[in-house]
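To start, the structure under review is shown below, and the notes come after it.
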Amino acid sequence: MKDQLEERIDHRTEEMRQVKGLPEERRGEFRKQAEKDVKGEKETYEQLKSDPSITTNT
1 MKDQLEERID HRTEEMRQVK GLPEERRGEF RKQAEKDVKG EKETYEQLKS
51 DPSITTNT
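Numbered by UniProt numbering, the letters in the sequence shown go through residues 1 to 58 in order.
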């Protein structure tokens, strides 16, 4: 069974593929980008959770 992170990456991969209208053969490219995006979001979330004084507003 996939964990939540893997499910989010799969979902993002499919979203990117559909939005860009690119063929299934390029799924690997989208998977790499989706993984980078989702892991970056998770890292940012963890930082904000551990230190609420951090904001993303400048």
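In this text, a Cβ means the ideal position worked out from N, Cα and C, and glycines have one as well.
Its chain contains D10 as the residues whose beta carbon lies nearer than 8 Å to that of K2, once the 5 sequence neighbours on both sides are disregarded; these appear in chain order. With respect to T13, R31 sits close: the two C-beta atoms are nearer than 7 Å. For I54, the secondary structure class from DSSP, reduced to helix, strand or coil, is coil. According to the DSSP assignment, D10 belongs to the alpha helix (DSSP H) that extends over Q4 to K20.
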